[in-house]
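Written out below as structure tokens is the structure these notes cover.
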Amino acid sequence: MIIKKIIIAGKSDETVLSITLKDILYCIDNPSSYKWNLLWIEGIGTYEDSILDFEAKINELNNGIQFEFDELIKLSDSMHQILELTLIADLKVEKLIRYETDTQMYKNCKYVIELIDSCFWEFTSSDINTIEIIKQKFDGVFDVENVNFLSL
């Protein structure tokens with residue numbers, strides 16, 4: 019199985035990353051068919067009454083919180099800014115756990131979406147078609163050349 023990772027940095031002249039979680043999610047074919055788990059989030063917004071309690075609940079649970087696709091869109095729309103995020107997806111719910119290593123997570127989950135310090139997204143998947151769609155849709159998308167997941 020070939021697994022690729024790309025960085026989505028957006029336009030080079032932007033001081034704030036304008037590509038949202040929703041933008042990335044809409045690049046995936048039939049995203050509602052997947053199970054989604056939010057493993058980590060830090061941000062500013064109004065998704066829950068207390069965003070700090072919401073963050074703590076997700077970040078402290080062994081396997082994060084499972085979301086339906088529509089609820090992820092609602093989350094994306096309600097956040098003024100997401101600073102950090104780790105979101106995983108697969109057709110099999112038993113794969114949606116907190117792994118000991120990133121490599122295990124990349125190998126077992128169909129999609130891994132990470133936001134790093136609100137500066138850029140990392141998108142890791144075996145879905146090469148979605149990766150190509152992202153490359154065509156957004157500026158500032160780069161292959162992570164030094165990561166070889168072919169042997170996973």
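The opening position of the sequence shown corresponds to residue 19 in the numbering used here, with each subsequent residue numbered one higher. Backbone N, C-alpha and C define an ideal beta-carbon position, used for all residues, glycine too.
Checking 8 Å against the spacing of the C-beta atoms, do F138 and I24 come in under that value? Position 120 of the sequence shown holds residue 138. Position 6 of the sequence shown holds residue 24. No. Outside cutoff.
Query raised in the report: Which residues mark the beginning and the end of the alpha helix (DSSP H) in which E87 is found?
Result: Taking the sequence shown and counting its residues from 1, the one referred to as residue 87 is at position 69. Glu is not the amino acid found at residue 87; the sequence shown has Phe there. Here the alpha helix (DSSP H) through F87 covers F87 to S96.
Short of 7 Å in beta carbon distance, which residues of its chain neighbour E60, apart from the five on each side in sequence? Order them along the chain. Here the question's residue 60 lines up with position 42 in the sequence shown. Cβ neighbours of E60 beyond the five flanking positions: E73, L101 and E102.
Report the residue from H98, L90 and T33 whose alpha carbon sits nearest the alpha carbon of I1. As displayed, the chain neither begins before 19 nor continues past 170, which places residue 1 out of reach and without an answer.
*If you follow the beta strand (DSSP E) that K22 is part of, which residue opens it and which one closes it?*
Locating residue 22 in the sequence shown gives position 4, counting from the first residue. Residues K22 to I26.
- prompt: Taking R116 as the reference, which of T148, S94 and L79 has the closest Cα?
  reply: Within the sequence shown, the letter at position 98 stands for residue 116. That would be L79, whose Cα lies nearest to the Cα of R116.
Quiz prompt | Same chain only: Cβ atoms within 8 Å of F156, ignoring 5 sequence neighbours per side | solution = Against the sequence shown, residue 156 aligns to sequence position 138. These residues qualify, in order along the chain: I26, G28, I37 and D41.
To which residues of the same chain is D135 closer than 8 Å at the C-beta, ignoring the five residues directly before and after it?
One-based indexing of the sequence shown puts residue 135 at position 117. The residues are L101 and E102.
Assign L35 to one of two classes, buried (16 or more other C-beta atoms within 10 Å of its C-beta) or exposed (fewer than that). As a working mapping, residue 35 is identified with position 17 in the sequence shown. Answer is buried; the Cβ neighbour count reaches 16.
In terms of alpha-carbon separation, which member of T121, I106, E112 and K153 lies closest to P49? As a first step, residue 49 must be located in the sequence shown, where it is residue number 31. Per the Cα distances, I106.
Runs of beta strand (DSSP E) lying entirely within the segment 33-76, each at least 3 residues, in chain order:
53-63
Exercise. Just the C-alpha distance for N126 and K53, rounded to the nearest angstrom, thanks.
Key: Here residue 126 refers to the residue found at position 108 when the sequence shown is read from its first residue. Here residue 53 refers to the residue found at position 35 when the sequence shown is read from its first residue. A straight line joining the alpha-carbon of N126 with that of K53 spans about 13 Å.
Quiz item: In terms of residues, what are the limits of the alpha helix (DSSP H) holding Y124?
Solution: Stepping through the sequence shown from its first residue, residue 124 is reached at position 106. From DSSP, the alpha helix (DSSP H) with Y124 extends over D120 to N126.
**Prompt:** With I83 and L56 assumed to form a contact (beta carbons below 8 Å), what rounded beta-carbon distance in angstroms separates them?
**Reply:** Along the sequence shown, read from residue 1 onward, the residue named residue 83 stands at position 65. Along the sequence shown, read from residue 1 onward, the residue named residue 56 stands at position 38. The pair is a contact, with the Cβ atoms about 5 Å apart (cut-off 8 Å).
- Query: Under a three-way DSSP split, which group does V130 fall into?
  - Reply: Taking the sequence shown and counting its residues from 1, one reaches residue 130 at position 112. In the structure shown, V130 sits in a strand (DSSP, three-state: E or B).
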